[in-house]
Structure formats: structure tokens, C-alpha cells
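Enquirer: Following this message is one structure expressed as C-alpha cells.
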Amino acid sequence: MTFLLLYSRKAEPYTDTTIMTSGTTTDSSPVLAGPIGDCCVQGIKHSGEPVGNTIEVAGVPTYLSEPPSHQSAGPKKVVLFFPDVFGPFHLNNQLLQDYYASQGFYVLGIDYFFGDPIYLHLNAPGWDRTAWLEKSRKQAADAVPKWIEEVQKTYGADSKYSAVGYCFGGPYVLDIASTDRVVAAAFAHPAYLTEDHFKKLTKPLLLSTAEVDHTFPAASRRRAVDILIEKKAIFHVQLFSGVEHGFGTKGDPDVENDRWAKEESARSIINWFIRFSKA
């Protein structure tokens, strides 16, 4: 099932120097990952049976997937999952969260769209994507801080927290990775990032990237890496050939390279979290 036709636009650095950040104010820092485009809503729906549950955290719908060796007491390993515009309850994202949980983590995916993900509108005549994005980003700016606070209150200060974000979720990961709330962070094919997101980073970061990405193009990726090198950050970069923006969540499982890139990205991200979650 293909959501949209392929997005065709020449990959080039963004020349606009302002972007709405994950908060509600305008940041004048140079843009590295641009806004949501057609490339963010194309892809293939996967198959499988999700095993997680729907809960509410701080008034926000949340997908919860727990590890097989569920423990009721003591410190835990927790992944904060910031989804793409399809939201945490889209099957592809549920299966991805379930995989992370199967590796020994409690995974919580925030629905900052509050039951209104982008795929509900893709074929609607006259739908205003810009208005939907503006609404969704304002909702997320309000929901994310209290959601994080409640998750960490629930699982305790002694638990080890990591954060991963895809596309729309990228800036929320970089925001929390500039604090002491997590031990590590990762993103795949991000949107809405500026240079300041990387300059303010204080936690280990894994960047899972695509050869073709109109939202986070090669020049932007190289600039991000230069910033991380300059500040002597702990980081790791993956660059997958032959795949495009969205490969980490919506790649075609019937195409061997797409499937391998998606699976290797997920394996690398969870192993990154395991590395920094050790006592």
C-alpha cells in the first residue's frame, strides 16, 4: 500500500534561516532539517500484530510496549518514542516500538496528534497540510514537557531513559538530549532541526540517515557532523545507500535493501541505547 507518489525535488541545503522549533517561538539558527514535505508521507504499510497497549500519560494518548521480562519494581530501561507524522498507533510504528521493547525496554510512544495523524487526511479534497502541521506542532509543544515529566515520575529517577525520534519527532529528541533526562538519543531522517539543536546537545547521539533525503540533505548532514566534531560530542552516523527519507519506518519490506536498512537502523539504535543504559 503506497501512501503517496514519490516526491521529486532536487536535494539541496536549505537557504531559509528561520524555522519554527519544537517550541512555539521562532529560532533564527540556520536550518539543517526542513519542514514536512511529500517525502514524509510516502511509504509502504507493513504487516504484523502489535502487542502493546493504549494508555494515557499526562492526558496524552500513548502507545506502551513492555519487555517480555516485565518487572514490577526497581530501575528499568525506558525508550521515549517520538513518532513521525503517522503517529505511534500506526501499525509500522507499533511494530517498531514492539521490537525495541523485545530487547528489554519499556517503550512509550507519544501521540502528540491526539488521534489525528496525517494519514487520515491524505486523500481529503482541499485539506490544508500547513494548517494541520501548525496545529500539531503547537499541540506537541504543549504536550511533550508534561508527558516526559509524567513518564519519568512513573518509572522513577533510577531508571535509564533514552529517546528516539523519526521525522516530525526529531526536534523533541534533540531537545531532551540537551538535558540530563536521558542517557542517550537517536534519530532517523529528521525534520525541523537547526544548528542550535546540535550545538546544545549534551548526550550521545546516533544519526540514522538516508542517501536521498530532501528534508535532511547531504550538506545539512555534513554540517551537523561538523558541529558534533567541533564540540567533541559522542556520536555515531549511519548513512544507508539506496534508500530515502522515511526508510526507518515506511520502507518496502519486499525490497531487500529497504528491509535491511530499516532493520539495521533499528538494531543499531537499540544497541546504542543498551550501551549507555548499563549500570
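With UniProt numbering, the residue at position 35 of the sequence shown is 35, and numbering never jumps.
Glycine included, every Cβ here is placed at the ideal spot set by N, Cα and C.
Bear in mind the structure is a predicted one, so any value in this text is a computation, not a measurement.
Which of helix, strand or coil does DSSP assign to G165?
Expert: Strand, per DSSP.
Enquirer: Alpha carbon to alpha carbon, how far is R129 from L120?
Expert: Computed Cα separation, rounded: 11 Å.
Enquirer: Which residues share a DSSP beta bridge with S200?
Expert: Residue identity check: residue 200 is Lys in the sequence provided, not Ser. Paired residue(s): none; K200 is not in a bridge.
Enquirer: Please classify R9 as buried or exposed, where buried requires at least 16 neighbouring CB atoms within 10 angstroms.
Expert: Here R9 scores only 30 on pLDDT, less than 50, and its place in the model is too uncertain to base an answer on.
Enquirer: Enumerate in chain order the residues of its own chain whose CB-to-CB distance from L96 is below 7 Å, with the five nearest sequence positions on each side excluded.
Expert: Excluding residues within five positions, the ones whose Cβ falls inside 7 Å are T249 and A266.
Enquirer: Thinking C-beta only, is G246 closer than 8 Å to G43?
Expert: Cβ distance < 8 Å, so G43 and G246 count as in contact.
Enquirer: Any contact of the region 160 to 175 with the region 195 to 215, i.e. 3+ C-beta pairs under 8 Å?
Expert: Output reads yes: the region 195 to 215 touches the region 160 to 175.
Enquirer: Figure out for me which residue from K232, D116, A219 and V212 has the closest Cα to the Cα of K199.
Expert: The candidate whose alpha carbon is nearest that of K199 is K232.
Enquirer: I'd like to confirm the pairing. Which residues does DSSP put opposite residue 309 in its beta bridges?
Expert: Outside the shown range of the chain (1 to 279) lies residue 309, about which nothing can therefore be said.
Enquirer: Note the first and the last residue of the continuous alpha helix (DSSP H) segment covering Q152.
Expert: Run containing Q152: R129 to Y155, per the alpha helix (DSSP H) assignment.
Enquirer: Flag this pair as yes or no: are the beta carbons of Y112 and S136 separated by less than 8 Å?
Expert: Result yes, Cβ atoms of Y112 and S136 sit closer than 8 Å.
Enquirer: Is the region 176 to 191 in contact with the region 256 to 273, if contact means three or more CB pairs nearer than 8 Å?
Expert: With a cut-off of 8 Å, the region 256 to 273 and the region 176 to 191 count as touching, because enough Cβ pairs lie within range.
Enquirer: Could you give the distance in angstroms between the alpha-carbon of P117 and the alpha-carbon of V85?
Expert: Their backbone Cα atoms lie some 6 Å apart in a straight line.
Enquirer: Out of G52, S159 and K153, which has the shortest C-alpha to C-alpha gap to K278?
Expert: Looking at the Cα atoms, S159 is the closest of the given residues.
Enquirer: List the whole-angstrom C-beta distance separating F82 from I110, where the pair is believed to meet the contact cut-off of C-beta under 8 Å.
Expert: Right, their Cβ atoms sit about 6 Å apart.
Enquirer: Using the three-state DSSP reduction, which class does F247 fall into: helix, strand or coil?
Expert: If DSSP states are grouped into helix, strand and coil, F247 belongs with the helices.
Enquirer: Does the distance from the C-beta atom of Y63 to that of Q94 stay below 8 Å?
Expert: Their beta carbons are under 8 Å apart, which means Y63 touches Q94 by this criterion.
Enquirer: Give the secondary structure of residue 299 by DSSP, where H, G and I count as helix, E and B as strand, and everything else as coil.
Expert: Given that the chain is displayed from residue 1 to residue 279, the structure contains no residue 299 and the question cannot be resolved.
Enquirer: Tell me the residue span of the beta strand (DSSP E) that contains G104.
Expert: No beta strand (DSSP E) holds G104; DSSP gives it neither H nor E.
Enquirer: Secondary structure at L122, three-state DSSP: helix, strand or coil?
Expert: Here L122 sits in coil by DSSP.
Enquirer: So, do the region 226 to 241 and the region 46 to 56 have three or more beta carbon pairs nearer to each other than 8 Å?
Expert: Segments in contact, no.
Enquirer: Is it true that the CB of V243 sits closer than 8 Å to the CB of V258?
Expert: The residue you asked about is not Val; residue 258 is Asp in the sequence shown. In contact: D258 and V243 (Cβ atoms closer than 8 Å).
Enquirer: What separation, rounded to the nearest whole angstrom, lies between the Cα atoms of T215 and I176?
Expert: Near 21 Å, if we compare the C-alpha coordinates of I176 and T215.
Enquirer: Check D171 in the structure and name its three-state DSSP category.
Expert: At residue 171 the sequence reads Pro, which differs from the Asp that was named. Here P171 sits in helix by DSSP.
Enquirer: Could you tell me if K262 is buried or exposed, where buried requires 16 or more neighbouring beta carbons within 10 angstroms of its beta carbon?
Expert: K262 should be labelled buried.
Enquirer: Just the Cα atoms here: how many angstroms apart are V237 and T202?
Expert: Rounded to the nearest angstrom, the two C-alpha atoms are 16 Å apart.
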